[in-house]
Amino acid sequence: PLLQGDAGLSRKGADPEQFSHYYSRPQLATRAALTLDGKRLNLAGRGWLDHEWSDSVLGESVGWDWLGINLHDGRALTLFQLRRKDGSRDWAGGSLRTPGTADRSFTADEVEMAPTRHWTSPATGARWPVEWRLKSPAGEMLLSAAFDAQEIDARHSSGLVYWEGAARLFDGQRRPLGGGYLELTGYAGRPPLL
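Using my numbering, read the sequence shown as starting at 9 and increasing by one per residue.
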């Protein structure tokens, strides 16, 4: 597994007691069979598994922006930031796995995530950042939602309204680098988990 942060302890703030236990399994070979209109389709791709747990509260944070991307060249990129109520960044981090080399964790000051386009949900009125300019030791990249309407309104069960779904990663010239997952919280109110 890819142990996020310092050997699986992923910092979530300036206080050393603010951390989660966190590991990922990127670039998982996946296979599926789908029957559509009576025809069986055999599918193959690359998946990502995350497991994260914590018993600490995230202080002043009201939400987070997180992405996990399987790059076409075999690398795997994770970036995240936690946000305060005023929209400023509270903490950030990430990692890069490159086959054949040691995994590289990113410190908070090495990660920049800036939204460049938003989508407003007609159902909840929340304004979600669906395109991003990213900067880290992995390089300068662009992230774009595969499609905008990936909001999940789970107020009736978990109390959360969040956005999570498929995203694509590009280099500065918009050449495709990979695909994966983008998760956004705190844009429709502070999640009850924090």
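Cβ coordinates follow ideal geometry from the N, Cα and C atoms, glycine included.
Alpha carbon to alpha carbon, how far is residue j from residue i? Give it in angstroms, no decimals.
i	j	result
Arg163	Asp156	20 Å
Ser62	Asp45	44 Å
Arg83	Gly147	13 Å
Pro184	Leu79	9 Å
Pro229	Glu159	It is not possible to answer for residue 229, since the shown part of the chain is limited to 9 through 202.
Gly16	Pro199	24 Å
Val119	Lys143	6 Å
Arg123	Leu36	Note on identity: in this sequence residue 123 is Pro, with Arg being the wrong assignment. Rounded to whole angstroms, Pro123 to Leu36 spans 29 Å at the Cα level.
Lys20	Leu177	24 Å
Asp23	Gly188	30 Å
Ser64	Ser28	8 Å
Ala174	Ala153	6 Å
Thr170	Ala52	Just to set this straight, residue 170 is Tyr in the shown sequence, not Thr. Answer to the nearest angstrom: the Cα atoms are 28 Å apart.
Asp73	Arg97	10 Å
Arg135	Ser165	22 Å
Leu42	Arg54	16 Å
Val138	Asn50	30 Å
Arg92	Gly197	12 Å
Ala40	Lys47	14 Å
Gly186	His126	21 Å
Identify the continuous beta strand (DSSP E) that holds residue i and give its terminal residues.
i	result
Ala110	Per DSSP, Ala110 belongs to no beta strand (DSSP E) and is neither H nor E.
Phe155	Note, Phe155: premise wrong, no beta strand (DSSP E); not H, not E.
Ser29	It should be noted that the sequence gives His, not Ser, for residue 29. Phe27 to Leu44 is the span of the beta strand (DSSP E), which, as asked, contains His29.
Lys20	First-last for Lys20: undefined, no H or E at that position.
CB residue i to CB residue j, shorter than 8 Å?
i	j	result
Lys151	Leu90	Looking at the sequence provided, one finds Leu at residue 151 rather than Lys. Contact: no.
Gly76	Trp99	no
Asp161	Thr128	no
Leu10	Asp111	yes
Gly71	Thr193	yes
Thr204	Gly102	Since the first residue of the chain shown is 9 and the last is 202, residue 204 is not available in this structure.
Kindly indicate which three-state DSSP category residue i falls into: helix, strand or coil?
i	result
Glu191	strand
Asp117	helix
Val70	coil
Gly133	coil
Thr106	coil
Pro123	strand
Gly180	coil
Gly53	strand
Gln89	strand
Asp81	coil
Ser96	coil
Ser166	coil
Check whether chain D comes within 8 Å of residue i, counting only Cβ atoms and requiring the distance to be less than that.
i	result
Ser18	Note that chain D does not occur in the displayed structure, where there is just one protein chain.
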